[in-house]
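Have a look at the structure below, then the notes.
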Amino acid sequence: MTGTVAYEPFDPASHPGFTHEAYRSTVLRGPRQALVPLTQSAGETTGPTPASLGITADDNDLTTNAARDGEPIGERIIVTGRVLDASGAPVAGTLIELWQANAAGRYAHPVDIHPAPLDPNFVGAGHCITDAEGVYRFLTIKPGAYPWRNHANAWRPAHLHVSVLGPAIATRLVTQMYFPGDPLLELDPILGGVPDGARERLVAAYAHDVTEAEWALGYRWDIVLRGPLRTPEV
Amino acid sequence: MTAPEPAPHLGQTPSQTVGPFFSFSLGRFDLTDVFPDADPATKVTLTGQVLDGEDTPVPDAVIELWQADASGRFPASRSDRGGFGRSCTDTDGRYRFTTVVPGVVAAADGTPQAPHATLVVFARGLLRHAFTRVYLCAPDDAAAQADPVLAAVPPSRRHTLFAHDDDGGFRFDIHLQGPAETVFLDL
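As they're listed, the protein sequences go chains F and U.
Residues in the first sequence are numbered from 0 upward in steps of one, following numbering that gives the first Met the number 0.
Residues in the second sequence are numbered from 0 upward in steps of one, following numbering that gives the first Met the number 0.
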């Protein structure tokens with residue numbers, strides 16, 4: 000959908016490069032050759048909508064969407080915010096997919112061998128379609144930190160994986176949201192691949208106005224996609 | 000003379016890797032049939048492997064596909080289903096789509112482009128996604144010879160953007176690195 004509007008480039012001061020040696024898996028996987036420039040036309044300025052994935056309704060309560068015989072273990076959290084383009088305009092009706100580890104830091108994925116318990120009432124996958132103001136909202140469980148084998152005694156800070164379709168394939172974004180005050184943030188080579196000055200955009204703010212009394216802590220986190228190409232000022 | 004106040008401009012949210020453990024989310028809907036309502040007689044398979052700089056298969060990649068339909072059109076309404084595909088690679092690094100050969104889509108300057116699909120590559124070890132194209136025609140087709148995006152690619156690397164016939168279907172391997180590195184696009 001959409002079309003006609005061209006999008007500004009990915010900002011190199013905002014996004015990681017393809018290789019970041021501290022994150023070892025980039026070394027053999029990040030492309031090394033220069034990207035070939037392309038002038039956008041319909042194939043880039045259109046893109047999938049929630050309907051493209053057969054999705055028509057929200058599935059944004061991860062505390063119940065996989066429950067079998069009870070509630071998931073852990074700290075209930077509300078994560079909300081707006082999807083905007085760089086000009087500040089809301090991105091309405093776009094799909095956000097969220098996935099994460101459980102409270103113990105274990106993914107419901109067969110390749111995850113971290114010896115922490117699975118939760119029979121939690122899978123950790125949901126989705127939400129932004130409203131007319133670009134607002135999304137999830138109720139979930141705060142994920143745990145977990146070890147990985149990137150380097151000695153490496154631990155990923157608690158994070159949510161977030162995928163946003165955006166208005167066009169050119170604005171597609173997959174990222175991660177982190178939690179404020181986490182001492183693991185500055186040790187993490189995945190967050191560390193983001194340029195200085197942009198890293199804090201991936202850290203949500205604790206939001207007491209989102210917090211629900213006697214129920215769940217609230218966090219607010221806005222997502223900013225590439226905006227329409229700006230006409231150069233004369 | 001003072002410059003006009005710039006329009007509000009927010010910093011883009013940085014990209015991060017999909018990590019290794021996404022399939023229970025990104026793979027929970029089967030999106031490998033790009034045009035579920037198309038005439039089965041028009042459908043073709045598009046498959047290939049994702050390989051790293053040592054030609055080792057990448058089993059934790061996800062490939063997304065976006066293309067026009069057989070008449071060169073993109074979905075006209077928000078409720079249209081066709082044109083998008085997503086395939087998580089298997090243990091051999093292999094992805095698979097069923098699609099149709101797209102019709103002609105004009106480039107920004109109006110020049111017709113050869114039949115192609117946009118591919119978006121995500122993987123553990125990719126801090127940002129990589130865009131490429133797969134062309135579903137032969138490199139010596141007149142349409143490919145006139146394609147403006149291919150014209151911008153160094154001639155020695157153009158072959159990396161073409162699918163080839165594989166047992167009646169299309170095969171397109173994605174080399175993230177190495178001597179055969181696929182051309183990735185800045186769009």
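Where a beta carbon is used, it is the ideal one built from N, C-alpha and C, also for glycine.
Because the structure is a prediction, the values reported are computed rather than measured.
State yes or no: is the C-beta of ARG67(F) within less than 8 Å of the C-beta of ASP51(U)? Looking up residue 67(F) in the first sequence gives position 68. Looking up residue 51(U) in the second sequence gives position 52. Contact: no.
Does the segment 16-24 of chain F come into contact with the segment 186-200 of chain F, if we say contact requires no fewer than three beta-carbon pairs (one atom in each stretch) closer than 8 Å? yes
How would you call THR41(U), buried or exposed, if buried means at least 16 neighbouring beta carbons within 10 angstroms? Reading the second sequence from its first residue, position 42 is the one you call residue 41(U). When all chains shown are included, THR41(U) counts as exposed.
LYS42(U) - partner residues in DSSP beta bridges: Indexing the second sequence from 1 puts residue 42(U) at position 43. DSSP lists VAL99(U) as partners of LYS42(U).
Starting from GLY42(F), follow the alpha helix (DSSP H) in both directions and report where the run begins and ends. If you number the first sequence from 1, residue 42(F) lands on position 43. It spans 41-44 - the alpha helix (DSSP H) in which GLY42(F) sits, taken as one unbroken run.
Within chain F, partners of PHE21(U) - CB distance below 7 Å: The residue given as residue 21(U) occupies position 22 in the second sequence. Under the 7 Å cutoff, chain F gives TRP98, HIS160.
Opening and closing residue of the beta strand (DSSP E) in which VAL122(F) lies: Residue numbering aside, residue 122(F) sits at position 123 when the first sequence is read from its first letter. Taken as a continuous stretch (DSSP letters only), VAL122(F) belongs to no beta strand (DSSP E), as it is neither H nor E.
Listed by chain order, chain U residues near THR63(F) by CB distance under 8 Å: Numbered from 1 along the first sequence, position 64 holds the residue referred to as residue 63(F). Going along chain U, no residue has its Cβ under 8 Å from THR63(F), so there is no contact; the nearest lies around 16 Å.
Against PHE17(F), what residues of chain U qualify as contacts under a CB-to-CB distance less than 8 Å, listed in chain order? Sequence index remark: in the first sequence, residue 17(F) carries index 18 (1-based). The answer, in chain order, is LEU125, LEU126, ARG127, ALA129.
Can you give me the C-alpha to C-alpha distance between ASP101(U) and ALA69(U), rounded to a whole angstrom? Within the second sequence, the letter at position 102 stands for residue 101(U). Within the second sequence, the letter at position 70 stands for residue 69(U). The sequence shown places Pro at residue 101(U), not Asp. PRO101(U) and ALA69(U): Cα-Cα distance of roughly 4 Å.
I need the boundaries of the beta strand (DSSP E) containing VAL133(U), first residue and last residue. Along the second sequence, one-based indexing puts residue 133(U) at 134. 129-134 is the span of the beta strand (DSSP E), which, as asked, contains VAL133(U).
Let's test the definition: count the other Cβ atoms within 10 Å of the Cβ of HIS207(F) and tell me whether it reaches 16, buried, or not, exposed. Looking up residue 207(F) in the first sequence gives position 208. By the neighbour-count rule (16 or more Cβ atoms within 10 Å), HIS207(F) is not buried but exposed.
State the Cα-Cα distance for the pair LEU125(U) and HIS126(F), rounded to the nearest angstrom. Taking the first residue of the second sequence as position 1, residue 125(U) is located at position 126. Taking the first residue of the first sequence as position 1, residue 126(F) is located at position 127. Going from the Cα of LEU125(U) to the Cα of HIS126(F) covers about 23 Å.
What does the alpha-carbon distance come out to for the pair GLN15(U) and PRO188(F)? Within the second sequence, numbered from 1, the residue matching residue 15(U) stands at position 16. Within the first sequence, numbered from 1, the residue matching residue 188(F) stands at position 189. Taking the straight line from one Cα to the other gives about 11 Å.
The beta strand (DSSP E) enclosing ALA60(U), as first and last residue numbers: Residue mapping note: residue 60(U) aligns to position 61 of the second sequence, counting from 1. Where ALA60(U) is concerned, the enclosing beta strand (DSSP E) stretches over 60-65.
Whole-angstrom C-beta distance between HIS150(F) and TYR177(F), which should lie under 8 Å: By 1-based counting over the first sequence, the position of residue 177(F) is 178. By 1-based counting over the first sequence, the position of residue 150(F) is 151. Contact flag wrong, Cβ pair sits at about 19 Å.
Please identify, using Cβ separations under 7 Å, the residues of the segment 34-47 of chain F that lie next to chain U, in order along the chain. LEU34, VAL35, PRO36, LEU37, THR38, GLN39, SER40, ALA41, GLY42, GLU43, THR45, GLY46, PRO47
From LEU186(U), THR181(U), GLY177(U), ASP185(U), pick the residue whose C-alpha is nearest to that of VAL26(F); which is it? If you number the first sequence from 1, residue 26(F) lands on position 27. It is GLY177(U).
Exposed unless 16 or more other CB atoms sit within 10 angstroms - verdict on GLY167(U): Locating residue 167(U) in the second sequence gives position 168, where the first residue counts as 1. Exposed, by the Cβ-count rule.
Flag this pair as yes or no: are the beta carbons of VAL4(F) and THR79(F) separated by less than 8 Å? Mapped onto the first sequence, residue 4(F) falls at position 5. Mapped onto the first sequence, residue 79(F) falls at position 80. Result no, Cβ atoms of VAL4(F) and THR79(F) do not sit closer than 8 Å.
Under three-state DSSP, which class holds THR79(F)? For the purposes of this step, residue 79(F) is taken as the residue at position 80 of the first sequence. Of the three classes helix, strand and coil, the one that applies to THR79(F) here is strand, per DSSP.
Minimum Cβ-Cβ distance from GLN11(U) to chain F less than 8 Å: Within the second sequence, numbered from 1, the residue matching residue 11(U) stands at position 12. Cβ-Cβ to chain F under 8 Å: yes for GLN11(U).
Look at the Cβ atom of VAL99(U), then the Cβ atom of PHE34(U), and state whether they are nearer than 8 Å. For this step, residue 99(U) is matched to residue 100 along the second sequence. For this step, residue 34(U) is matched to residue 35 along the second sequence. Yes.
The beta strand (DSSP E) enclosing PRO146(F), as first and last residue numbers: Here residue 146(F) refers to the residue found at position 147 of the first sequence. Where PRO146(F) is concerned, the enclosing beta strand (DSSP E) stretches over 145-147.
Restricting to Cα atoms, I'd like to know which of VAL82(F), ASP111(F), ILE76(F) is closest to PHE137(F). Taking the first residue of the first sequence as position 1, residue 137(F) is located at position 138. The candidate whose alpha carbon is nearest that of PHE137(F) is ILE76(F).
Between which two residues does the alpha helix (DSSP H) carrying GLN144(U) extend? As a position in the second sequence, residue 144(U) is number 145, starting the count at 1. Its alpha helix (DSSP H) spans residues 141-144.
Report yes if the CB atom of THR170(F) is closer than 8 Å to the CB atom of ARG225(F), and no otherwise. Against the first sequence, residue 170(F) aligns to sequence position 171. Against the first sequence, residue 225(F) aligns to sequence position 226. Yes, Cβ-Cβ distance for THR170(F) and ARG225(F) is below 8 Å.
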